[in-house]
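So the sequence shown is numbered by the working numbering: it starts at 110 and just counts up by one.
Just so it is clear, CB atoms sit at the ideal spot from N, CA and C, and this is done for glycine as well.
Reading through the structure tokens given below for one structure.
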Amino acid sequence: MTRNIFSCAALLAVAMGATVMAAGPPAFVPHRDDGAVVLFDAARDSWEKVRNYTARWINGSDLRPRARGLEKNGERWIEFTFQGSRGMACSTFYFTPPPEPEKGRQYKGIELIIDCDRDDYPHIGVQVAFTDQTQLTRELALERGTHAYLVDSGFRRAKRPPRWELIRYVMLTLRGGRRAADMTYRLRRIALREIPAAASEPAEGDQVPDLFGELVLLPEPKEVRRERGRFIANRPWPLFVSKTASDRTRRTAELFANRYEQFTGLRLARREFQTELPTTGIVLRLVGAAPGGGSARGGAPEAVSRAQGYTLLAEPERIVITGADEPGLYYGTVTFFQLMRHAAKRVETDLAIPCVTIRDWPDTLHRLVRLERSTRTHSAIIPFEKIEGSTT
């Protein structure tokens, strides 16, 4: 429930932010200070640039933040107090583009220095928006006293990791409730966290293997065989299905193309093949849909024949996902996007997927998952095949 509230707020905030951006909202200018890229510093920046408002998209919202600058223990802070009790209060910090990270380093999250007087761990929301129209939402439980809070992960609809160098604004939120009007906290600084960039290849003569982005596939496939070479995903490859493909296979291809676009920004051109497998591009097919010629290694690998199984072949110029049946084909595409997620974590921008042959199938056709909906209600047991995206 909490995640749904914050995700909806983030989307609405982005839409609202886009309108404000057209009018040119006051923005803080990031600067380097003692090796850190500071987005906001209460000792340097005017708190009057912060936009404070109630979430009018929530019916009946009247909770509104009030900000003021003050000095505490010899340091400058911006203090937030609140008026009202319903809806959500929002305080938004807009930024101009930050400087490029130093050579050999990359941005990974933001750090907020917050001071709070309460000892009951009050919660605030942190919503980060980026210029590529993506967002990240995180809830913080504040501790008594002054602490640094790191936000480098959270709820995110986009399937790719956030690009922190594209940060546009940070919105701090407080939801209405019985003690909302009693809430007071202070903010001293917001800074980009800068970390060493992981090397894409081991340094020359380095005997330590580069394990960054090591493949971890869930559930673990029955067979995984690594090959030499890489498939560069960030290219306009064609997407093939058999000319006699079923409606369900074509629907799987449509879902595949949509998700591929989320990772790469590229829309795959849809094609059909008749007999021989294409030698380049991405091929989705069922067992027996076409013979397996055309592989650079002398033919496609032996197809899995067990129900709901699949074979995934990644070559430098081709991806072939072969399902034993329609569910198996879909599960093969899910595993492919796990490979894409691993590729997206690396420093390179070409989304390089290692050449690999994966064969997998479930041990049992009927799987269940138990969902604990509440401590006061009965649990729900749902067949796994009814859950979108299940792969076990």
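Hey, residue i and residue j are a contact pair by Cβ (cut 8 Å); roughly how many whole angstroms apart?
i	j	result
Cys199	Tyr258	The Cβ separation is near 18 Å, so there is no contact.
Val235	Leu281	6 Å
Ser414	Val396	6 Å
Lys298	Ile219	Inspection of the sequence shows that residue 298 is occupied by Arg rather than by Lys. At roughly 10 Å, the Cβ-Cβ gap does not stay under 8 Å, so Arg298 and Ile219 are not in contact.
Ala416	Leu474	6 Å
How big is the Cα-Cα spacing for residue i and residue j?
i	j	result
Arg337	Pro463	8 Å
Asn182	Thr190	19 Å
Ala461	Phe349	20 Å
Leu386	Arg269	30 Å
Met130	Met292	Any answer about Met130 is weak, because its pLDDT of 44 lies below 50 and its placement is not dependable; what the coordinates show is given next. Spanning the two alpha carbons is a distance of roughly 29 Å.
Asp142	Thr431	54 Å
Ile428	His256	48 Å
Glu184	Leu249	23 Å
Ser155	Leu148	12 Å
Arg359	Pro425	24 Å
Gln192	Val146	33 Å
Phe264	Leu375	24 Å
Arg406	His451	Low confidence applies to Arg406: its pLDDT is 39, below 50, so where it sits in the model is not reliable, and the reading given next is rough at best. Their backbone Cα atoms lie some 25 Å apart in a straight line.
Ile187	Pro134	19 Å
Pro231	Leu283	9 Å
Arg344	Tyr440	23 Å
Arg357	Glu363	10 Å
Arg295	Ala151	10 Å
Asp459	Arg287	50 Å
Ile341	Arg247	32 Å
Val237	Ala289	22 Å
Leu438	Ala453	23 Å
Tyr369	Thr444	13 Å
Considering residue i, what are the terminal residues of the alpha helix (DSSP H) in which it resides?
i	result
Asn367	Asp356 to Thr373
His451	Glu435 to Ala453
Can you find the residues in the same chain that come closer than 7 Å, C-beta to C-beta, to residue i, ignoring five residues on each side of it along the sequence?
i	result
Ala267	Thr243 and Gln371
Thr240	Leu275 and Arg277
Val465	Val333, Arg334, Arg335, Glu336 and Ala423
Thr128	For Thr128, the predicted model reports a pLDDT of 44, less than 50, meaning its position is unreliable and no value from the coordinates is stated.
Leu179	Trp186 and Glu188
Within a Cβ cutoff of 6 Å, which residues of the same chain sit near residue i, ignoring the five residues on either side of it in sequence?
i	result
Phe365	Thr442
Thr205	Ala136 and Val138
Thr201	Arg160, Tyr278 and Met280
Met449	Phe372
Gly285	Leu172, Ser194, Arg195 and Gly196
Gln447	Leu326
Gly213	Ala306
Ala412	Val396, Thr420 and Thr431
Gly144	none
Pro330	Ile467 and Asp469
Glu157	none
The beta strand (DSSP E) spanning residue i covers which residue range?
i	result
Phe340	Glu332 to Ile341
Gln244	Gln244 to Ala250
Glu303	Thr293 to Pro305
Tyr258	Gly254 to Val260
Tyr419	Tyr419 to Glu424
His475	Run containing His475: none; DSSP gives neither H nor E here.
Phe382	Ala378 to Phe382
Pro463	Ala461 to Asp469
Leu281	Ile276 to Arg284
Leu327	Premise fails: Leu327 is in no beta strand (DSSP E) and is neither H nor E.
Ala145	Ala145 to Asp150
Leu348	Pro347 to Ser351
Asp226	Looking at the DSSP string, Asp226 is not in any beta strand (DSSP E), and its letter there is neither H nor E.
Asp142	His140 to Asp142
Can you name, in chain order, every residue of its own chain whose Cβ lies under 8 Å from the Cβ of residue i, other than the five neighbours on each side?
i	result
Gly169	Arg195 and Gly196
Arg253	Cys225, Asp226, Arg227 and Asp228
Pro347	Leu377, Ala378, Arg379, Arg380, Pro387, Thr389, Gly390 and Ile391
Pro207	Pro139, Val146, Leu148, Tyr216, Glu274, Ile276 and Leu301
Lys352	Glu381, Phe382 and Gln383
Determine whether the Cβ of residue i lies closer than 8 Å to any Cβ atom of chain D.
i	result
Tyr278	Of the protein chains in the structure, only one exists, and it is not chain D.
Item checked: Start-end ranges of the beta strand (DSSP E) lying completely within the segment 164–211, minimum 3 residues -> 173–181, 184–192 and 197–203
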